[in-house]
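A.B. asks: The opening residue of the sequence shown carries number 1 in UniProt numbering; numbering runs sequentially from there. Just so you know, even glycine gets a beta-carbon here, dropped at the ideal spot from N, CA and C. As the structure is a prediction and not an experimental result, all values here were calculated from the model.
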Amino acid sequence: MTTLPDRPNTALLVIDVQNGVVAGAHNRDGVIGNINTLIGKARAEDVPVIWVQHSDDEGLERGSGNWQYVPELVRHDAEPLVHKRYGDSFEDTELEALLAGRGVGRVVVTGAQTDMCIRSTLHGALVRGYDVTLVGDAHTTEDLTAYGAPSPEQVIAHTNLYWSDQKAPGRRGGTVDTADVSFTRAEAG
């Protein structure tokens, strides 16, 4: 259903599951476990796994311990690593070129933080013509209630709810749990 012609493939995006991003994240270990399950499934089905890694000057300096991916997730050398400095994983990165080169018209999104880089990437992908599936139990965020935000559970639940029926002409979003993810084009999940 993607609006990107001749791009029938799906890719798994693993966004910003870095030490400094998920150190205090809601259900950190459960989310990382679900992402590991999805990585294993994608690899077994020869689906591209693309890693995205954020850097900035406010605690995620490139090369620092906080910037590193969590040790529980292991990237294979052949799997692309996209470096970004903005919330949207497509913005000023080579992500679009990597996906185009692999014939990808649908992305399955996992990672952190729900209310920042995950939401930005979901919308960035949809407006660029991709079908976009959010894995509802494979993204997380930190507690920002001190700044007036809802609890992490509410942020995650609301994001899952509003993304479950996203659509635009010729493309769609959707939310599924890890157990229901399909990397085939025949299924939306």
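Could you spell out where the alpha helix (DSSP H) holding residue 190 opens and where it closes?
C.D. replies: For the chain, the structure presents residues 1 to 189; residue 190 sits outside this window and is missing.
A.B. asks: What residue range does the alpha helix (DSSP H) around Leu-95 cover?
C.D. replies: Note, Leu-95: alpha helix (DSSP H), 95-101.
A.B. asks: Between the segment 98-115 and the segment 135-153, can you find at least three pairs of beta-carbon atoms closer than 8 Å?
C.D. replies: Segments in contact, yes.
A.B. asks: Determine the extent of the alpha helix (DSSP H) in which Val-127 is found, giving its start and end residues.
C.D. replies: Per DSSP, Val-127 belongs to the alpha helix (DSSP H) from 119-127.
A.B. asks: Using a 10 Å radius around the Cβ and a threshold of 16 neighbouring Cβ atoms, would you call Val-127 buried or exposed?
C.D. replies: The residue in question, Val-127, is exposed, as its Cβ has fewer than 16 Cβ neighbours within 10 Å.
A.B. asks: From Ala-11 to Val-132, what distance separates their C-alpha atoms?
C.D. replies: Taking the straight line joining both Cα atoms gives about 10 Å.
A.B. asks: Can you tell me whether DSSP reads Asn-66 as helix, strand or coil?
C.D. replies: The answer is coil: DSSP assigns Asn-66 none of H, G, I, E or B.
A.B. asks: What does DSSP give as the partner residue(s) for residue 193 in the beta ladder?
C.D. replies: With the chain represented from 1 up to 189, any question about residue 193 goes unanswered, as that position is not in the structure.
A.B. asks: Considering only residues of the same chain and omitting the five flanking positions on each side of residue 195, which have a CB-CB separation below 7 Å?
C.D. replies: Lying outside 1 to 189, the shown extent of the chain, residue 195 is not represented and no answer is given.
A.B. asks: According to DSSP, Gln-166 sits in a beta bridge with which residue or residues?
C.D. replies: Beta-bridge pairing links Gln-166 to no other residue.
A.B. asks: Are the CB atoms of Val-104 and Arg-7 nearer to each other than 8 Å?
C.D. replies: Result yes, Cβ atoms of Val-104 and Arg-7 sit closer than 8 Å.
A.B. asks: Whose CA, out of Trp-163, Gly-63, Ala-125, Ser-151, lies closest to the CA of Ala-97?
C.D. replies: Looking at the Cα atoms, Ala-125 is the closest of the given residues.
A.B. asks: Please determine, among Val-31, Val-109, Pro-169, Glu-79, the residue with the shortest C-alpha to C-alpha distance to Phe-90.
C.D. replies: Of the listed residues, the one whose Cα sits closest to Phe-90 is Val-109.
A.B. asks: If the criterion is Cβ atoms closer than 8 Å, does the pair residue 190 and Val-17 meet it?
C.D. replies: Given that the chain is displayed from residue 1 to residue 189, the structure contains no residue 190 and the question cannot be resolved.
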